[in-house]
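*Asks:* What follows is a structure written as structure tokens; I'll ask about it next.
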Amino acid sequence: MTTLAFDDDGVDVVYEGTEFRLERDLIEEATEKSYHDVTDHEVLKIVAEQSNLQGEPRRIGDILD
-13 MTTLAFDDDG VDVVYEGTEF RLERDLIEEA TEKSYHDVTD HEVLKIVAEQ SNLQGEPRRI
47 GDILD
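Sequential numbering from -13 applies to the sequence shown in my numbering.
Right, here's the structure in full:
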């Protein structure tokens, strides 16, 4: 299971029991988008290519509002 916790500076991730942080700049570089326009599904794809995406994608900007 993967857990994502978003804030203005990046995302705290727990992936298969390992905790780490994806910084905002890294996410923007990987997606070639503004941080607030990136979706939670896109972040999951950065973490694990074979992610099990469920539900509608949500923009980080909407999550933080």
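Idealized CB from N, CA, C, for every residue including glycine. Fair warning: this is a prediction, and the values are worked out from it, not measured in the lab.
How about D11 and R45: are their beta carbons less than 9 Å apart?
*Replies:* Not closer than 9 Å, so no.
*Asks:* By a C-beta neighbour count over all protein chains shown, 10 Å radius and 16 as the cutoff for buried, is F(-8) buried or exposed?
*Replies:* It is buried - the Cβ of F(-8) has at least 16 other Cβ atoms within 10 Å.
*Asks:* Please give me, in chain order, every unbroken run of the beta strand (DSSP E) with length at least 3 that falls completely inside the region -9 to 27.
*Replies:* The region -9 to 27 contains these whole beta strand (DSSP E) runs: -4 to 1 and 4 to 9.
*Asks:* From this set, D48, G41, L8 and G47, which residue's C-alpha is nearest V29's C-alpha?
*Replies:* Per the Cα distances, L8.
*Asks:* Which term fits T25, buried or exposed, when burial requires 16 or more other beta carbons within 10 angstroms of its beta carbon?
*Replies:* Buried, by the Cβ-count rule.
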